[in-house]
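Participant:
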Amino acid sequence: MFGLFGLLLVGYPAALSGTVAADAGIEYDSNPARVPSDGSLGVDPQGAPLFRGLLAGTLGYFGPKQRLRLSATTTGKVFFTPEAQAQNVFVAQLGYEHGAKLGRTLILGTIDYYDAFQADAPTYLKRDFRSVSAGVRFHSQKPLENGHRIDGGLQLTGQLFDYKPDPLQSFVGPSLQAKLGGRIHAGDPELGHDVDLGLQSRADLRFYGPVRSDVFIAISTSIQWQGPLLIQLGYTAQINLSSSELESYQRHLPMLKVAFHLPGELFVTMKGQLNLQKAAPGLTFPIQSIDEDNRSVALLDLERPLPKGFAISARYTGYFSLPSDGTSPYQRHTGLLNFSYRFAR
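Using the numbering used here, the first residue of the sequence shown is number 103, and each one after it goes up by one.
(1) To which residues of the same chain is tyrosine 351 closer than 7 Å at the C-beta, ignoring the five residues directly before and after it?
(2) With H, G and I counted as helix, E and B as strand and the rest as coil, what does DSSP make of glutamate 394?
(3) Counting only the same chain and skipping the five closest in sequence on each side, list residues whose C-beta sits under 8 Å from that of proline 245.
(4) Leaving out five residues before and five after leucine 404 in sequence, what residues of the same chain have Cβ atoms less than 7 Å from its Cβ?
(5) Does isoleucine 319 pass the burial test, meaning 16 or more other C-beta atoms within 10 Å, or should it be called exposed?
(6) Identify the continuous beta strand (DSSP E) that holds isoleucine 325 and give its terminal residues.
(7) Within this structure, are the beta carbons of phenylalanine 231 and phenylalanine 181 separated by less than 8 Å?
(8) Does DSSP put tyrosine 114 in a helix, in a strand, or in coil?
(9) In the DSSP assignment, what residue or residues form a beta bridge with valine 297?
(10) Look up lysine 410 in the DSSP assignment and say whether it is helix, strand or coil.
(11) Just the Cα atoms here: how many angstroms apart are alanine 305 and arginine 239?
(12) DSSP on serine 423, reduced to helix/strand/coil?
(13) Does DSSP put glycine 144 in a helix, a strand or coil?
(14) Could you work out which residue in Ala117, Ala126, Gln148, Val122 is closest to tyrosine 432 when comparing CA atoms only?
(15) Would you list the residues sitting across from leucine 404 in a DSSP beta bridge?
(16) What is the DSSP secondary structure of alanine 188, counted as helix, strand or coil?
(17) Suppose contacts are defined by Cβ-Cβ distances below 8 Å. Is glycine 428 in contact with proline 383 by that definition?
(18) Assign asparagine 248 to one of two classes, buried (16 or more other C-beta atoms within 10 Å of its C-beta) or exposed (fewer than that).
(19) Does the Cβ-Cβ distance between valine 360 and isoleucine 325 come in under 8 Å?
(20) Does DSSP put glycine 249 in a helix, in a strand, or in coil?
(21) Kindly indicate which three-state DSSP category tyrosine 226 falls into: helix, strand or coil?
(22) Just the Cα atoms here: how many angstroms apart are valine 399 and leucine 143?
(23) Going by C-alpha distance, which of Asp298, Thr259, Gln271, Ala188 is nearest serine 277?
(24) Where glycine 197 and serine 235 are concerned, what is the direct C-alpha to C-alpha distance, given to the nearest angstrom?
(25) Is the CB-CB distance between glycine 283 and aspartate 316 below 8 Å?
(26) Looking at the structure shown, is leucine 208 part of a helix, part of a strand, or coil, going by DSSP?
(27) Can you give me the C-alpha to C-alpha distance between alanine 280 and proline 184, rounded to a whole angstrom?
(28) Shortest alpha-carbon distance to proline 267 belongs to which of Pro224, Tyr418, Asn190?
(29) Please classify valine 137 as buried or exposed, where buried requires at least 16 other C-beta atoms within 10 Å of its C-beta.
(30) For valine 321 and glutamate 349, what's the separation of their Cα atoms in angstroms?
(31) How is the beta strand (DSSP E) around asparagine 440 delimited, first residue to last?
(32) Give the secondary structure of leucine 348 by DSSP, where H, G and I count as helix, E and B as strand, and everything else as coil.
(33) Going by other Cβ atoms of all chains shown within 10 Å of its Cβ, with 16 needed for buried, is leucine 110 buried or exposed?
(34) Is the CB of leucine 204 under 8 Å away from at least one CB in chain C?
(35) Would you kindly work out how many angstroms separate the C-alpha atoms of glutamate 129 and asparagine 190, rounded to a whole number?
(36) Helix, strand or coil, according to DSSP, for leucine 307 in the structure here?
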C-alpha cells in the first residue's frame, strides 16, 4: 500500500487505473435464518424483505515493470422485520497486490482480508467469519497466432479462517493453487468465436488447533464457448481428509451457465449448479462469502444498462437440498431488484 502512495507522491511516470462501484437494492428472502424447511431445528422458515447495499473501489498502477493494486469493498444487508434482524450483516473486504513483471511472467505478493459482522443471534443461526491470507502468485500468458493463447499460474498462500460461531471450526495453514488455461479463437479476429478451457487445482493443509488436522483437495475444470451467446460447463470435485472421521467429506459440483443478449439491451444470465455430497449428518462446510449456502443453486439474472454507467437488474436465486444429501429438506428463495453504478478509468 505504501509503495503505491509513494509512487504517486514522487510523480513516478505511471499508468494509473481506478474503478468505483455502488449497488443499492431491495430483496426478499424466503428463509433468512437458513433453517430446514421441515422445522427440525424448532424454527420454521419465515420470509422477510431487506435492503442490500455495496460500495467498492480499486486503485492500480501499471508501469513497465511494477504492478500494484489496492481494493476495498463494504457491503451489507438490513432486514425490515424485527424477526429477521438477527440476520443483519456488514462485510468489510480489503486486498493489496504488489509485484513485478519479468518477461511474460508476473510475480505478485498478495494480502487479502475479509470480515463479516452479524447482529446478535443464537449460535445455531450465526454464520459470520473472518479470513486473512497472504502469499505470492506467479502468472504467465503467451499469445499465439490467430488470437489463440495459453496461460498458467501458481499461488502459495498462508491463510487464517476464524469461524466466529464455533472456534472449533476455525483453522490456519498453507494453501497451494495451480491454474492452466487456454483460448482458441475462430472466425473474424474481432467478431469470431472463442473457446476457453480451464483447469484449476487446490491443496490446503488445515490445522484446527490441537483437536484435528485436515487435508483439503479441490480440482475444477471448465469449458466456455462465447459467440452470439455464452455457454459454460464446469465441474468441481472437493475432498476433505480429516484426522476426525466425522469431518471427512466429498462434494461434486457440476455447473451450467448460459448468458445472452436480447433486443432492448437486456442481458440474461442463467446458472444452475448441483451440490452432490457425501458427509456425516449435520457436518458444517467452511464458507467463502456471507451469501454462500453450500446447497444446489438455480439463478436467473436480467440486467439493463442505463446511461452514464448506471444499470438496473433483477435476480432470482433458489437454494435447495437433494434427497441424496442425507440432510433435512431445505429451500431458500431470494428475489432482488437492484440499481448499480460503475465507473472505470
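Here a beta-carbon is modelled for each residue, glycine too, at the ideal position from N, C-alpha and C.
Facilitator: Straight from the coordinates:
(1) Position 249 of the sequence shown, counted from the start, is the residue given in the question as residue 351. Closer than 7 Å at the Cβ level, and outside the excluded window around tyrosine 351, lie Asn342, Gln379, Lys380, Ala381, Leu385.
(2) Here residue 394 is taken as the residue at index 292 of the sequence shown, counted from 1. Residue state, collapsed to three classes: coil.
(3) The residue given as residue 245 occupies position 143 in the sequence shown. Correct list, in chain order: Arg251.
(4) Position 302 of the sequence shown, counted from the first residue, corresponds to residue 404. Here the set comprises Leu368, Val370, Ser415, Ala416.
(5) Sequence index remark: in the sequence shown, residue 319 carries index 217 (1-based). Exposed, by the Cβ-count rule.
(6) Position 223 of the sequence shown, counting from 1, holds the residue named residue 325. Segment 314–328, the beta strand (DSSP E) holding isoleucine 325.
(7) The sequence position of residue 231 within the sequence shown is 129, counting from 1. The sequence position of residue 181 within the sequence shown is 79, counting from 1. Contact flag unset, no.
(8) Counting from 1 along the sequence shown, the entry for residue 114 is found at position 12. Any reading at tyrosine 114 needs caution, since the residue's pLDDT is 49, under 50, leaving its predicted position unreliable; the model's value is listed next. It is coil, neither helix nor strand.
(9) In the sequence shown, residue 297 corresponds to position 195, counting from 1. Valine 297 is bridged to Ile286, Trp327.
(10) For the purposes of this step, residue 410 is identified with residue 308 of the sequence shown, where counting begins at 1. The answer is helix: DSSP assigns lysine 410 an H, G or I state.
(11) Here residue 305 refers to the residue found at position 203 when the sequence shown is read from its first residue. Here residue 239 refers to the residue found at position 137 when the sequence shown is read from its first residue. Approximately 15 Å, taken between the alpha carbons.
(12) Taking the first residue of the sequence shown as 1, we reach residue 423 at position 321. Three-state result, serine 423: coil.
(13) The residue labelled residue 144 in the question sits at position 42 within the sequence shown. Reduced to three states, the DSSP call for glycine 144 is coil.
(14) The residue you call residue 432 lines up with position 330 of the sequence shown. Per the Cα distances, Gln148.
(15) Taking the first residue of the sequence shown as 1, we reach residue 404 at position 302. Note: leucine 404 sits in a beta bridge opposite Val370, Ala416.
(16) Your numbering for residue 188 matches position 86 in the sequence shown. The answer is helix: DSSP assigns alanine 188 an H, G or I state.
(17) Taking the first residue of the sequence shown as 1, we reach residue 428 at position 326. Taking the first residue of the sequence shown as 1, we reach residue 383 at position 281. In this structure, proline 383 lies closer than 8 Å to glycine 428 by Cβ.
(18) Here residue 248 is taken as the residue at index 146 of the sequence shown, counted from 1. When all chains shown are included, asparagine 248 counts as exposed.
(19) Reading the sequence shown from its first residue, position 258 is the one you call residue 360. Reading the sequence shown from its first residue, position 223 is the one you call residue 325. In this structure, isoleucine 325 does not lie closer than 8 Å to valine 360 by Cβ.
(20) Here the question's residue 249 lines up with position 147 in the sequence shown. Correct three-state label for glycine 249: helix.
(21) The residue you call residue 226 lines up with position 124 of the sequence shown. Correct three-state label for tyrosine 226: helix.
(22) In the sequence shown, residue 399 corresponds to position 297, counting from 1. In the sequence shown, residue 143 corresponds to position 41, counting from 1. Cα-Cα distance, rounded: 22 Å.
(23) To locate residue 277, count along the sequence shown from 1; it is residue 175. Of the candidates Asp298, Thr259, Gln271, Ala188, the one whose C-alpha sits nearest the C-alpha of serine 277 is Thr259.
(24) The residue you call residue 197 lines up with position 95 of the sequence shown. The residue you call residue 235 lines up with position 133 of the sequence shown. So the alpha carbons of these two residues sit roughly 10 Å apart.
(25) Taking the first residue of the sequence shown as position 1, residue 283 is located at position 181. Taking the first residue of the sequence shown as position 1, residue 316 is located at position 214. Not in contact: glycine 283 and aspartate 316 (Cβ atoms no closer than 8 Å).
(26) As a first step, residue 208 is located in the sequence shown; it is residue number 106 there, counting from the start. Three-state result, leucine 208: strand.
(27) Reading the sequence shown from its first residue, position 178 is the one you call residue 280. Reading the sequence shown from its first residue, position 82 is the one you call residue 184. Rounded to whole angstroms, alanine 280 to proline 184 spans 46 Å at the Cα level.
(28) Taking the first residue of the sequence shown as 1, we reach residue 267 at position 165. Here the closest residue by C-alpha is Pro224.
(29) The residue you call residue 137 lines up with position 35 of the sequence shown. That one is buried.
(30) Counting from 1 along the sequence shown, the entry for residue 321 is found at position 219. Counting from 1 along the sequence shown, the entry for residue 349 is found at position 247. In the sequence on display, residue 321 carries isoleucine and not valine. Taking the straight line joining both Cα atoms gives about 19 Å.
(31) Looking up residue 440 in the sequence shown gives position 338. Unbroken beta strand (DSSP E) run through asparagine 440: 433–446.
(32) Taking the sequence shown and counting its residues from 1, the one referred to as residue 348 is at position 246. Here leucine 348 sits in helix by DSSP.
(33) The residue you call residue 110 lines up with position 8 of the sequence shown. With a pLDDT of 45 at leucine 110, under the threshold of 50, the modelled position of that residue is not reliable, and the figure given next carries that caveat. Per the 10 Å Cβ criterion, exposed.
(34) Included in the structure is just one protein chain, with no chain C present.
(35) Here residue 129 refers to the residue found at position 27 of the sequence shown. Here residue 190 refers to the residue found at position 88 of the sequence shown. Between glutamate 129 and asparagine 190, the C-alpha separation is close to 13 Å.
(36) Your numbering for residue 307 matches position 205 in the sequence shown. Three-state DSSP puts leucine 307 in a strand.
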